[in-house]
Every structure is written in structure tokens, then in C-alpha cells.
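In the working numbering, each number is its position in the sequence shown, counted from 1, plus 145.
First up is the structure itself, then whatever we jot down about it.
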Amino acid sequence: MRLALAPEAETPLRTWPAGRVRVHAPARLHLGFLDPGASLGRAFGSLGLAIAGPETALDLSRAEADCFDAAPGCAAALERARAHLETLRQATGMRAPVALRLRSALPAHVGLGSGTQLAVALGRAFSELFGLDMESARIAALLGRGARSGVGIAAFDQGGLLLDGGPRADGGPPALLARIALPPAWRVLLVLDARLHGLSGAAEKAALARLAPLPREAAAEICHQVLMRILPGAAGAEFAPFAAGITRMQEVLGAHFAPAQDGSAFTSAAAGRLLRWMSARAGAGIGQSSWGPAGFAILPSEAAARELLAEARAGGLVDPALDLLVTAARNHGALVSDARAGA
Numbered sequence: 146m147r148l149a150l151a152p153e154a155e156t157p158l159r160t161w162p163a164g165r166v167r168v169h170a171p172a173r174l175h176l177g178f179l180d181p182g183a184s185l186g187r188a189f190g191s192l193g194l195a196i197a198g199p200e201t202a203l204d205l206s207r208a209e210a211d212c213f214d215a216a217p218g219c220a221a222a223l224e225r226a227r228a229h230l231e232t233l234r235q236a237t238g239m240r241a242p243v244a245l246r247l248r249s250a251l252p253a254h255v256g257l258g259s260g261t262q263l264a265v266a267l268g269r270a271f272s273e274l275f276g277l278d279m280e281s282a283r284i285a286a287l288l289g290r291g292a293r294s295g296v297g298i299a300a301f302d303q304g305g306l307l308l309d310g311g312p313r314a315d316g317g318p319p320a321l322l323a324r325i326a327l328p329p330a331w332r333v334l335l336v337l338d339a340r341l342h343g344l345s346g347a348a349e350k351a352a353l354a355r356l357a358p359l360p361r362e363a364a365a366e367i368c369h370q371v372l373m374r375i376l377p378g379a380a381g382a383e384f385a386p387f388a389a390g391i392t393r394m395q396e397v398l399g400a401h402f403a404p405a406q407d408g409s410a411f412t413s414a415a416a417g418r419l420l421r422w423m424s425a426r427a428g429a430g431i432g433q434s435s436w437g438p439a440g441f442a443i444l445p446s447e448a449a450a451r452e453l454l455a456e457a458r459a460g461g462l463v464d465p466a467l468d469l470l471v472t473a474a475r476n477h478g479a480l481v482s483d484a485r486a487g488a
């Protein structure tokens with residue numbers, strides 16, 4: 146598996162309609178839950194970060210008959226998109242034929258938020274095409290996304306570093322509590338292991354059911370790190386407290402979720418070894434996004450990231466199977482463009 150860093154070149158299988166709505170949706174890192182055990186009655190609460198580079202990109206246009214096309218490697222994502230299209234048609238009554246091209250797709254079940262980005266990207270394109278003015282939260286709810294975390298939806302809408310307060314008691318979407326643009330000089334080293342996939346579906350539900358509740362003291366520690374280290378560090382461009390807070394939050398959550406990951410805080414042992422070394426060597430803010438295997442190291446500059454990665458390679462610390470990318474926070478949301486005549 147290799148990351149799609151930009152939309153694939155267009156090589157249509159058929160004549161393609163000229164007018165289209167195009168959406169570019171970002172990857173996101175899920176940096177952790179605040180209180181998955183609901184010690185005060187409200188569950189979850191999430192911290193997340195939209196990142197540049199890998200993305201889901203699609204075109205949607207009216208057509209004489211439904212037609213579908215996908216870039217190489219995106220066939221499974223296209224099938225999910227077609228299922229979402231049918232759900233949107235049932236919910237809105239809009240059944241006019243469309244042409245859908247999936248130009249690139251985030252890899253599934255690796256921790257980059259592929260499911261939510263695909264669903265909301267298609268929903269936004271559908272809404273624009275038919276003039277429905279549907280908000281992202283409504284689209285996500287219709288398509289079964291964002292039940293526990295709101296950072297994927299917020300990443301699509303706004304980008305940046307995002308904090309939500311967990312789902313409402315009535316099942317409504319999580320409120321966005323904070324959104325901060327990460328300093329543009331900071332870099333994210335993304336680490337993927339193509340040999341593995343994170344938990345999803347029934348396996349994820351079963352794993353969560355087996356876990357003991359996160360102790361209240363652990364939830365308090367996480368919230369303390371977020372409120373007094375991570376958010377102020379991001380807002381004030383103070384890298385050291387930000388990175389220390391990220392790493393400590395991930396340590397607490399990693400210990401909690403380890404029983405569902407073969408006893409480790411990292412789904413990928415190779416990624417874990419590399420990232421722990423980066424934390425010890427350079428004070429990087431490290432962790433795993435969601436169930437992984439995507440791991441990350443946040444560093445204060447491009448030079449720091451490149452130098453640390455070069456040192457790791459020279460020292461034989463990078464497993465050949467790992468897929469590495471130096472990127473940055475994406476401080477804006479999805480890009481939606483309408484190239485239809487008169488739009």
C-alpha cells in the first residue's frame with residue numbers, strides 16, 4: 146500500500162461530462178479521546194488534526210445515465226461511494242443520473258479517517274450538484290459517520306487542530322470546542338505499515354466491549370494535558386509543551402487500549418520502535434492515530450524532521466516495510482469547486 150499524495154492522472158474509461166463538482170478532502174489524525182469511559186456522564190470527546198498530502202478527491206456531475214470510474218487501487222472505495230450515493234438518493238429523492246469519478250482515496254482502516262472523508266466528500270458534491278445546502282454534520286449522520294468523534298467532520302469543514310466535546314446525550318453531533326491553526330513551520334512525520342490494518346466494524350466493537358472503563362484519574366490526566374499543554378502550545382507556537390502533551394496523552398491512552406492491540410500502544414511494532422526513538426532523541430510529539438497502524442511524530446520544522454529521519458535511516462531504525470511521509474498540518478478544510486456552466 147502506498148499513499149496517494151495527489152489525485153491520480155485522469156485516464157477516463159469513457160467520455161466524461163465536462164461540468165462537474167470537485168471535492169478534495171483531507172486526511173486526519175485522531176490524536177485521542179478525552180474520556181471514553183464517560184466518568185462524568187459524557188463519553189469520548191476527541192482531539193484531532195487535519196494533515197496535508199494524502200487526500201480523497203472526487204468529481205460528480207450530471208449525466209444521461211449513471212457511470213462510475215476510479216483511479217487504480219480505488220475500486221473498494223468506489224463501491225462504498227456508490228452505496229453512499231444510493232443512501233443520499235433515498236434520503237433526498239434526487240435520483241437524476243450522475244457520473245462519479247473517484248480520483249484518489251485515503252487508504253482504509255489505517256487511521257487516516259478514510260470513511261468519514263469519503264462519505265462527507267460525496268455528500269457535499271451531491272449537495273452542491275443538486276442545490277440542497279446540506280451541512281456536513283447532516284451528511285455524516287445520514288451516511289453513518291461521526292457517531293463517536295466529530296474531528297473528522299470538523300477536519301473536512303475547517304482543518305487545523307480540533308477538539309470536540311463528545312456526542313450529545315440526545316445523540317446529536319459533538320460540539321466543536323476549539324479549533325487552532327497549527328504553526329505552519331511545524332511538520333508531521335506520518336508512519337504507515339502496509340502489512341497491517343487497524344480494527345474496524347465488528348472487531349472494533351468487540352474489542353471496545355472487552356476493555357475496562359478508562360479510570361477517571363486517567364481521563365483527568367488527559368484533559369489536563371490537552372487544556373494546559375497541547376492547546377496553549379499550539380496557540381502560542383510553543384513546541385516543547387505541545388509535543389510533551391501529545392506524547393503523554395498518547396501514553397495514557399496507549400496503555401488503556403493496549404489489551405486490544407496485542408498488549409502494545411502501537412498496532413505496528415516497527416512504527417512504535419521508530420517513534421519512541423524519535424521522542425527520546427528529539428522531543429517529538431508521538432503517537433498512533435485511532436487504531437493505527439498510522440503513527441506520527443510532530444516536529445518543530447522541516448529541517449528537524451528531515452535530519453531526524455536521516456539519522457534514523459543511517460542507524461538502521463527504519464523498517465523497510467514502513468511508508469514514511471513528511472507533511473504538515475492542513476489549516477483549512479476540504480476544497481470544493483464547481484465547474485458547471487453558470488455555477
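No residue lacks a Cβ here, since even glycine has one placed at the ideal position from N, Cα and C.
- With respect to the C-alpha of V168, the residue from L230, A202, S281 and L277 having the closest C-alpha is A202.
- The beta carbon of I367 lies closer than 6 Å to those of L179, M394 and V397 in the same chain, with the five residues before and after it left out.
- Linking A425 to A363 through their CA atoms gives a straight-line distance of about 23 Å.
- Taking a C-beta distance under 8 Å as the contact criterion, I325 and A380 qualify as a contact pair.
- For the 8 Å CB-CB criterion, I196 and P171 form a contact.
- Two segments are said to touch when three or more pairs of C-beta atoms, one from each, lie closer than 8 Å; by this definition the stretch 236-243 touches the stretch 204-216.
- Taking the C-beta atoms as reference points, L205 is found nearer than 8 Å to R165.
- Less than 8 Å separates the beta-carbon of A442 from that of M423.
- Linking V255 to P438 through their CA atoms gives a straight-line distance of about 5 Å.
- With contacts defined by Cβ atoms closer than 8 Å, G440 and V333 do not form a contacting pair.
- The C-beta separation of I298 from G291 comes to about 5 Å, placing the pair in contact by the 8 Å criterion.
- Per DSSP, the unbroken alpha helix (DSSP H) holding F271 starts and ends at S259 to F275.
- Taking 8 Å as the cut-off, the Cβ atoms of P328 and A382 count as close.
- Closest in alpha carbon position to R227, among G378, L247, L454 and S435, is L247.
- In this structure, DSSP gives A442 an extended state, which the three-state scheme calls strand.
- Note on geometry: alpha-carbon atoms of A473 and E452 lie some 16 Å from one another.
- For a cut-off of 8 Å, the C-beta gap from A484 to A339 is around 35 Å, too long to register as a contact.
- For A236, the closest of A270, I284 and H175 by C-alpha to C-alpha distance is I284.
- Distance between S413 and L192, taken at the CA atoms: about 21 Å.
- Ranked by Cα distance from H175, the first of A479, G432 and L263 is G432.
- Counting only unbroken stretches of 4 or more residues, the alpha helix (DSSP H) elements lying wholly within the stretch 377-421 are 384-402, in sequence order.
- Counting the other Cβ atoms within 10 Å of the Cβ of A405 gives 16 or more, which makes it buried.
- Boundaries of the beta strand (DSSP E) around A323: L321 to I325.
- In this model, E280 and R234 are separated by some 16 Å (Cα to Cα).
- When rounded, the separation of the alpha-carbon atoms in H342 and S435 is 11 Å.
- Runs of the beta strand (DSSP E) lying entirely within the stretch 216-256 and spanning at least 3 residues, in chain order: 243-249.
- Following the DSSP letters along the chain, one finds H369 inside the alpha helix (DSSP H) bounded by residues R361 to Q370.
- If you look at V336, you'll find it isn't in any alpha helix (DSSP H); it sits in the beta strand (DSSP E) that goes R332 to D338.
- Between G311 and G460, the beta carbon gap of about 41 Å keeps them out of contact (Cβ cut-off 8 Å).
- E224 counts as exposed, since fewer than 16 other beta carbons sit within 10 angstroms of its beta carbon.
- The Cβ atoms of R374 and F384 do not sit closer than 8 Å to each other.
- Taking a C-beta distance under 8 Å as the contact criterion, L308 and V371 qualify as a contact pair.
- Counting along the chain, the unbroken alpha helix (DSSP H) around R355 starts and ends at G346 to R355.
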